[in-house]
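Reading through the structure tokens given below for one structure.
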Amino acid sequence: MSSRQDIDVRPIRDDEIPVWIRAAKTGFLRPPTVSEADLADRRTYVVPERTLGAFEGERCVGTYRSFPQEVTAVGGAAVQADAITSVTVTATHRRRGILTRMMARDLAAAKDRGDVVATLIAAEYPIYGRYGFGAATTVTEWTIDVPRAGLDPRWAGPDDGGRTDIVDGDDVRKTGPELHGRFRRMQPGAIDRDERWWQLATGGRVPDPGAWTEPFHAVYRTARGEVEGLLTYTVDEHWGDAKQPLQTASVKDLIAVSPAAERALWRYLCSIDWVTAVKSGGRAPDDLLPHLLPDPRAARIVTQADWLWVRILDVVAALETRTYGATGALVLEVADGAGLAGGRYRLDASPEGASCTWTTEDADLTLPVGELGALWLGDQSAVRLTALGRVREERAGAAVVADALLRTSRRPWCPDIF
Numbered sequence: 006m007s008s009r010q011d012i013d014v015r016p017i018r019d020d021e022i023p024v025w026i027r028a029a030k031t032g033f034l035r036p037p038t039v040s041e042a043d044l045a046d047r048r049t050y051v052v053p054e055r056t057l058g059a060f061e062g063e064r065c066v067g068t069y070r071s072f073p074q075e076v077t078a079v080g081g082a083a084v085q086a087d088a089i090t091s092v093t094v095t096a097t098h099r100r101r102g103i104l105t106r107m108m109a110r111d112l113a114a115a116k117d118r119g120d121v122v123a124t125l126i127a128a129e130y131p132i133y134g135r136y137g138f139g140a141a142t143t144v145t146e147w148t149i150d151v152p153r154a155g156l157d158p159r160w161a162g163p164d165d166g167g168r169t170d171i172v173d174g175d176d177v178r179k180t181g182p183e184l185h186g187r188f189r190r191m192q193p194g195a196i197d198r199d200e201r202w203w204q205l206a207t208g209g210r211v212p213d214p215g216a217w218t219e220p221f222h223a224v225y226r227t228a229r230g231e232v233e234g235l236l237t238y239t240v241d242e243h244w245g246d247a248k249q250p251l252q253t254a255s256v257k258d259l260i261a262v263s264p265a266a267e268r269a270l271w272r273y274l275c276s277i278d279w280v281t282a283v284k285s286g287g288r289a290p291d292d293l294l295p296h297l298l299p300d301p302r303a304a305r306i307v308t309q310a311d312w313l314w315v316r317i318l319d320v321v322a323a324l325e326t327r328t329y330g331a332t333g334a335l336v337l338e339v340a341d342g343a344g345l346a347g348g349r350y351r352l353d354a355s356p357e358g359a360s361c362t363w364t365t366e367d368a369d370l371t372l373p374v375g376e377l378g379a380l381w382l383g384d385q386s387a388v389r390l391t392a393l394g395r396v397r398e399e400r401a402g403a404a405v406v407a408d409a410l411l412r413t414s415r416r417p418w419c420p421d422i423f
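Each residue of the sequence shown is one higher than the last, beginning at 6 in the working numbering.
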């Protein structure tokens, strides 16, 4: 067995991209072949200095990549984030500190750059809490039994003066980025989408033609002609006995900036001939969807789990950037074993703004930095975390004050995976 000293953790060189890809695919249990298409695609977005490999000789046994990201804070401000992805350690090299070394290197660099938070989507729950991450959003997926939903089968379009139109990928690339910009300013937890994202989602760029399925796209336009919603979906082909259509429509993306647009796009999807089931894709846990149906029980939850994880790197910037729905003050003792964001901070907040400063005052709440990350987007409850023993009240009633300040009326949501 090799020792910790035998493993070299460092940014990869350009000529090491093939072995890095092979190690990443191995870690995610995907066929470890590296095609020319893989290499060509990776070279369009991989930044070698932010792509780490753990090397035992010439063999790559650990992978890690980060990239710049903007995540929407409560209130709509875009916060600079260090987005982490492609994290693997080969099964033969566990328990040797490889992930800890990659994580420490990247988070220290992110802190030095001035990133306010780090983000990731965890394949496995138990791993990332020990690095200061907290589960900050939840994702829910529904399957709709369309015949049971109680919708009018004669529906022919919105009755609010708006309209729903089928569009193609070119149209989406023209209107989608502006719509998404409006959407993410009003959705805590949403992240930015770059040009590559739109190209991949619409067929403008197809790294693996054999795996590409052209989706359908629909938009909702108001009576004034403004695009307020975008839907992307695919439909399978399944027929029952006696030539009975039993097709399932699967949502790949649905964003909207008004309830009218949301309602119209879900209604459209459930009105398509032959479609008897709709898979919602990942949605916010308090999505309007079930209650847009006459019978909400027709929408059955099939997945509910943690989604976006947040690691606070700059407590002051994180707490001052978001908004607050109440007025109050809290002194937080933040514990951070990595030494990146720990300390005692006084938060003075109101709907008019907030200030966060270092202080020597007695703490009201003591909490690990991961729990602060879980609370930051407004989804978690300090009262609940106190009951679980993950937050400690130093002053009676402080958790209630924290909830009044930090929680949001609608739950945060991240529609994307990275």
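For glycine and all other residues, C-beta sits at the position ideal for the given N, C-alpha and C.
Alpha-carbon spacing of Ala161 relative to Leu184, whole angstroms: The straight-line gap from Cα to Cα measures roughly 25 angstroms.
Residues that Gln252 bridges to, as DSSP identifies them: Val280
Bridge-paired residues (DSSP) for Leu270: Leu270 pairs with nothing; no bridge assigned.
Ala368 versus Cys361, Leu382, Thr362 and Tyr350, residue with shortest Cα-Cα distance: Tyr350
Delimiting residues of the alpha helix (DSSP H) encompassing Ala323: Val320 to Thr326
One or two residues paired with Pro73 in a DSSP bridge: In the DSSP assignment, the residues bridged to Pro73 are Asp87.
Backbone secondary structure at Trp203 - three-state DSSP: In the three-state reduction of the DSSP assignment, Trp203 falls in the helix class.
Residue nearest to Gly378 in terms of C-alpha spacing, selected from Phe423, Leu318, Glu366 and Ile277: Leu318
Endpoints, the alpha helix (DSSP H) within which Ala115 is located: Ile103 to Arg118
Cβ neighbours of Arg189 in the same chain (closer than 6 angstroms, five flanking residues each side left out): Thr77 and Ala195
Identity of the residues DSSP links to Val339 by a beta bridge: Gly348 and Leu372
Three or more C-beta pairs below 8 angstroms linking the stretch 171–179 and the stretch 207–225: By the Cβ test, the stretch 171–179 is in contact with the stretch 207–225, since at least three Cβ pairs between them sit closer than 8 angstroms.
Meets three-Cβ-pair contact criterion under 8 angstroms: the stretch 108–123 and the stretch 392–409: no
Option nearest Val396 by Cα separation, candidates Leu380, Glu366, Tyr273 and Ile17: Leu380
Straight-line Cα distance separating Ala114 from Gly342: 17 angstroms
Opening and closing residue of the beta strand (DSSP E) in which Glu183 lies: Run containing Glu183: none in the beta strand (DSSP E); it sits in the alpha helix (DSSP H), Gly174 to Arg190.
Coarse secondary structure for Gly383, derived from DSSP in three states: Of the three classes helix, strand and coil, the one that applies to Gly383 here is coil, per DSSP.
Cβ contact check for the stretch 91–107 and the stretch 58–74: 3 or more pairs under 8 angstroms: yes
Cβ-Cβ separation, Arg268 to Leu236 (assumed contact under 8 angstroms), whole Å: 12 angstroms between Cβ atoms; not a contact.
Lys30 to Thr332 span [Cα, whole Å]: 49 angstroms
Burial state of Trp25 (16 or more Cβ within 10 Å): Classification for Trp25: buried.
Residue-level contact to chain D via CB, Arg190, 8 angstroms cutoff: Although the question refers to chain D, the structure presented lacks it and comprises just one protein chain.
Secondary structure of Glu54, DSSP reduced to three states: helix
Boundaries (first-last residue) of the beta strand (DSSP E) holding Ile26: Where Ile26 is concerned, there is no enclosing beta strand (DSSP E), although the alpha helix (DSSP H) it sits in stretches over Ile22 to Gly32.
Local conformation of Val144 per DSSP, three classes: strand
Residue nearest to Gly392 in terms of C-alpha spacing, selected from Ser285, Leu370, Ile306 and Ala310: Note that residue 392 is Ala in the sequence shown here, rather than Gly. Ala392 has its Cα closest to that of Leu370, out of Ser285, Leu370, Ile306 and Ala310.
Classification of Val52 by the beta-carbon crowding that lies within 10 angstroms, buried from 16 upward: exposed
Rounded C-alpha distance that separates Gly139 from Thr207: Counting only the Cα atoms, Thr207 lies some 33 angstroms from Gly139.
Sheet register partners of His222 (DSSP bridge): Val172 and Thr237
Own chain partners of Val339 with C-beta closer than 7 angstroms, once the 5 adjacent residues on each side are dropped: Contacts found: Val320, Ala346, Gly347, Gly348, Tyr350, Leu372, Val374 and Leu377.
DSSP three-state assignment for Ala304, whether helix, strand or coil: strand
Three-state secondary structure (DSSP) of Ala154: helix
When Gly102, Val121, Pro214 and Ala247 are compared against Arg41, the one with the closest alpha-carbon: It should be noted that the sequence gives Glu, not Arg, for residue 41. Considering only alpha carbons, the answer is Pro214.
Classification of Thr49 by the beta-carbon crowding that lies within 10 angstroms, buried from 16 upward: exposed
Integer Cβ distance of Ala304 from Ile277, believed to fall under 8 angstroms: In fact, because the Cβ distance is near 17 angstroms, the residues do not count as touching under 8 angstroms.
The alpha helix (DSSP H) enclosing Leu411, as first and last residue numbers: Ala403 to Leu411
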